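Per our numbering: the sequence shown = residues 271 to 828.
Have a look at the structure below before the remarks.
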Amino acid sequence: MITKMRLLAGFLSLGFLIISCGSTNIVATPIENIDAIPLKVMPLTEVQKKQWGHADLLTDTIPGMSVDKAYAEIIGNKKGEKVIVAVLDAGIDLKHEDLDEVLWTNKGEKIGNGIDDDGNGYIDDIHGYNFLGESYNEQQEFARILRLNLGDEALRAKARKKIDKEVKEAKETKQIILNNKQQTQQILDIVKESHQAIAKHLGKEVYTKEEVGAITATDLSLQRSVNVIQQMFSYGNSIPEVIGLIEADMENFEEGLVYYSEKLDYHLNVNFNGRKAVGDDPYNFSDTSYGDGNPMIRNKEESHGTHVAGIIAAERNNGIGMNGVANNVAIMSIRAIPNGDEYDKDVARGIRYAVDNGAKIINASFGKAFSPNAEWVYEAIKYAADNDVLIVHAAGNEGEDLDSQQHPNYPNDHKFGGSEFADNVITVGALDETYGSEMVASFSNYGARNVDVFAPGGEIYSSMPGSEYEFQGGTSMAAPAVSGVAALLRSYYPNLSAAEVKKVLMDSGLSTKTSVMVAGDPSNSKPFDQLSRSGKMVNAYNALIMGKILSDKKSKSP
Numbered sequence: 271m272i273t274k275m276r277l278l279a280g281f282l283s284l285g286f287l288i289i290s291c292g293s294t295n296i297v298a299t300p301i302e303n304i305d306a307i308p309l310k311v312m313p314l315t316e317v318q319k320k321q322w323g324h325a326d327l328l329t330d331t332i333p334g335m336s337v338d339k340a341y342a343e344i345i346g347n348k349k350g351e352k353v354i355v356a357v358l359d360a361g362i363d364l365k366h367e368d369l370d371e372v373l374w375t376n377k378g379e380k381i382g383n384g385i386d387d388d389g390n391g392y393i394d395d396i397h398g399y400n401f402l403g404e405s406y407n408e409q410q411e412f413a414r415i416l417r418l419n420l421g422d423e424a425l426r427a428k429a430r431k432k433i434d435k436e437v438k439e440a441k442e443t444k445q446i447i448l449n450n451k452q453q454t455q456q457i458l459d460i461v462k463e464s465h466q467a468i469a470k471h472l473g474k475e476v477y478t479k480e481e482v483g484a485i486t487a488t489d490l491s492l493q494r495s496v497n498v499i500q501q502m503f504s505y506g507n508s509i510p511e512v513i514g515l516i517e518a519d520m521e522n523f524e525e526g527l528v529y530y531s532e533k534l535d536y537h538l539n540v541n542f543n544g545r546k547a548v549g550d551d552p553y554n555f556s557d558t559s560y561g562d563g564n565p566m567i568r569n570k571e572e573s574h575g576t577h578v579a580g581i582i583a584a585e586r587n588n589g590i591g592m593n594g595v596a597n598n599v600a601i602m603s604i605r606a607i608p609n610g611d612e613y614d615k616d617v618a619r620g621i622r623y624a625v626d627n628g629a630k631i632i633n634a635s636f637g638k639a640f641s642p643n644a645e646w647v648y649e650a651i652k653y654a655a656d657n658d659v660l661i662v663h664a665a666g667n668e669g670e671d672l673d674s675q676q677h678p679n680y681p682n683d684h685k686f687g688g689s690e691f692a693d694n695v696i697t698v699g700a701l702d703e704t705y706g707s708e709m710v711a712s713f714s715n716y717g718a719r720n721v722d723v724f725a726p727g728g729e730i731y732s733s734m735p736g737s738e739y740e741f742q743g744g745t746s747m748a749a750p751a752v753s754g755v756a757a758l759l760r761s762y763y764p765n766l767s768a769a770e771v772k773k774v775l776m777d778s779g780l781s782t783k784t785s786v787m788v789a790g791d792p793s794n795s796k797p798f799d800q801l802s803r804s805g806k807m808v809n810a811y812n813a814l815i816m817g818k819i820l821s822d823k824k825s826k827s828p
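Have a look at this one:
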């Protein structure tokens, strides 16, 4: 059994700024690079695994965001303003034990009367809005392009090339998983049968390798069981433990089969129409009479939005589950991202809904490579910028360089040009818990121009439907971590604009010149500070200090 380790190398080298805060001196933003950290090898404890994103790099040797340190040394019992954070995502389990007290409630709307009481254009939108109706599974955009014959021939040719490649890979991978599952099932059956025989012979379920080796077997069947079990001791300290590991592999294979079956049945199926249940024309922006005021999940598998919401603002210190990054948050649920590619219309309308109903931050843990109506989303992003709303966007999970024209990613704030058209979007790559060469998650996209910062995103423990909790990884998890820090800044320093919050998040992070693997490829290493515009990993402690400096400066300005 392999235990995850953190490999830390070199010596600590920091530049410090000391700020007096009452009678306490706070070590502020390390502007200089962290060139290295003393070599340490230590496994994460179970507690650390569940909250590593809140850890402090300098004291815990884990590349977290210093959230716990920020609460202990800066926030304390300070009162901040309530900040509405819109989760533009799948639906949320609105009854979750760790989220039910942090939901945004539209006080101008009366529950279930079928009337638009507050006149905002949406009926019964108590906790947000649902732009997907009863739909859930959906195609990827390039499959829709081919089904509906969208765009010009060049776009359709690109879509055909993409779908041919994806279908081929999905079928091949599904078959490999199926073969491995069948072989592993055979091994599991043999190990269980052998274990039962040895347990019966020795009269106990738990035994040692030495006890098995001492068995004198005159029976060929028992001898075979002895040989099998002796080999299995190479994989664990006890045979029940080994059986558990094999069964876990079987579960992973089953999840893989479900994932690739969904890809082939829905995402890559040119003939599938997931939008039929909604009833609108998703390529007509003027067709607005669709959806409903219930952004609750439609099934337990619809977990993404619930997980994201928990990272941002799960109830803190309530003795259950886990702590979200931010206090003083109201989560607005906007159900607009299906199990497949989102529609540009839903994203654009979701952004506008969030802005018009008071959100100061929009978490956007989604993205795609094709966007037939990207201009609708660009206009919505600009609308959010004009209304001082920050959008935190996940960089994507393809392990690609987003600066390359070969890897388009939507939505974005640059339209693939040389400059940004809005200053309110921050794009986030994902970190793993191992500081050093493996610090950047193997799946994370990157880009010195088109990714802004990195944050914890590998195997993050957060809320799941049914008041449950689970580890999930992705830039989808890194974005809400940053949304949480942004919410802290907007809560305690409300005079900071969205653009200023973005600048603080980028400028106050920790950086290193350490070379890291990208896309999980040992032959492809780059200095960490060249993988994003800031070259930094977000740090809540430093962000709050820098935010206070900027806020105080603004307050004193005439």
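Quick reminder that beta carbons are idealized off the backbone N, C-alpha and C, glycines included.
Remember, predicted model here, so these are calculated numbers, not experimental data.
Taking residue i as the reference, which of the options has the closest Cα?
i, options, result
"Asn554", "Asp386, Pro642 and Val461", "Pro642"
"Ala789", "Leu766, Lys806, Thr745 and Leu759", "Thr745"
"Asn657", "Asn682, Pro681, Glu703 and Ala629", "Ala629"
"Tyr705", "Asp519, Tyr505 and Asp326", "Asp326"
"Asn588", "Ile433, Gln409 and Glu371", "Glu371"
"Arg586", "Asp368, Gly361, Tyr536 and Met335", "Asp368"
"Lys320", "Lys823, Phe741, Val752 and Asp799", "Phe741"
"Ser795", "Ala440, Ala547 and Asp671", "Asp671"
"Thr839", "Glu475, His471 and Leu425", "Since the first residue of the chain shown is 271 and the last is 828, residue 839 is not available in this structure."
"Met747", "Asp388, Thr576 and Leu402", "Thr576"
"Ser491", "Val482, Lys349, Ile354 and Ala467", "Ala467"
"Ser402", "Lys818, Gly473 and Asp562", "This sequence places Leu at residue 402; Ser is not what is there. Of Lys818, Gly473 and Asp562, the residue nearest in Cα terms is Asp562."
"Ser712", "Asn627, Ile516 and Asp791", "Asp791"
"Phe798", "Ser707, Gly728, Ser761 and Ala757", "Ser707"
"Lys349", "Ser761, Glu408, Asp822 and Ser737", "Ser761"
For residue i, I'd like the list of residues in its chain whose CB is within less than 7 Å of its CB, leaving aside the five on either flank, ordered along the chain.
i, result
"Lys685", "Tyr648 and Phe691"
"Lys806", "Val723, Met776, Gly779, Leu780 and Ser781"
"Ser825", "Asn765"
"Ala813", "Val755, Leu759, Val774, Leu775 and Ser778"
"Leu820", "Leu766, Glu770 and Val774"
"Glu379", "Asp387, Asp388, Asp394, Asp395 and Ile396"
"Thr443", "Tyr530"
Here's a check: name, in chain order, each residue in its chain whose Cβ is nearer than 6 Å to the Cβ of residue i, leaving out the five neighbours to either side.
i, result
"Thr294", "Any reading at Thr294 must be qualified, since the residue scores a pLDDT of 30, below 50, and its modelled position is unreliable; no value is offered."
"Phe503", "Lys479"
"Asp693", "Ala769"
"Cys291", "Low confidence applies to Cys291: its pLDDT is 37, below 50, so where it sits in the model is not reliable enough to give any reading."
"Arg414", "none"
"Val512", "Met502, Tyr505 and Gly506"
"Val866", "Absent from the model: residue 866. The displayed extent of the chain is 271 to 828, so no value can be given."
"Asp489", "none"
"Asp551", "Asp557"
"Ala469", "Glu475"
Please confirm whether residue i has its beta-carbon closer than 8 Å to some beta-carbon of chain C.
i, result
"Ile582", "Included in the structure is just one protein chain, with no chain C present."
Mind reading off the beta-carbon distance from residue i to residue j? Whole number of angstroms is fine, and I expect it under 8 Å.
i, j, result
"Leu418", "Ala429", "In fact, because the Cβ distance is near 11 Å, the residues do not count as touching under 8 Å."
"Asp683", "Gly717", "The Cβ separation is near 13 Å, so there is no contact."
"Asn376", "Asp359", "Not confirmed; about 18 Å, so no contact."
"Ala584", "Ser733", "6 Å"
"Lys609", "Tyr406", "According to the sequence displayed, residue 609 carries Asn and not Lys. Correct: roughly 5 Å between the Cβ atoms."
"Gln410", "Leu538", "7 Å"
"Ile447", "Tyr530", "7 Å"
"Ser804", "Ile631", "Actually they do not touch by this definition, with Cβ atoms about 18 Å apart."
"Ala600", "Ile354", "5 Å"
"Glu666", "Asn679", "The question names Glu, yet the displayed sequence has Gly at residue 666. Right, their Cβ atoms sit about 5 Å apart."
"Val662", "Ile696", "6 Å"
Which residues share a DSSP beta bridge with residue i?
i, result
"Arg494", "For Arg494, which the question treats as bridged, DSSP gives no partner whatsoever."
"Lys380", "Paired residue(s): none; Lys380 is not in a bridge."
"Met787", "Ser795"
"Leu801", "According to DSSP, Leu801 bridges with nothing at all."
"Tyr529", "Paired residues: none, contrary to the question."
"Leu780", "Met807"
"Ala700", "Ala725"
"Ile362", "Met566"
"Tyr680", "Lys638"
"Asp671", "Tyr716"
Please return the same chain residues whose Cβ sits closer than 8 Å to the Cβ of residue i, not counting the five positions on each side in sequence.
i, result
"Ser802", "Gly699, Tyr716, Gly717, Ala718, Val721, Asp722, Val723 and Phe724"
"Lys652", "Phe691 and Ala692"
"Glu481", "Leu472"
- Uninterrupted beta strand (DSSP E) stretches inside the stretch 397-476 (no shorter than 3 residues): 398-400
Pick out the complete alpha helix (DSSP H) segments inside the stretch 702-744, 4 residues or longer, and give them in chain order. none
Contained alpha helix (DSSP H) runs [length at least 4] in the stretch 583-656, N- to C-terminal order = 614-626 and 644-656
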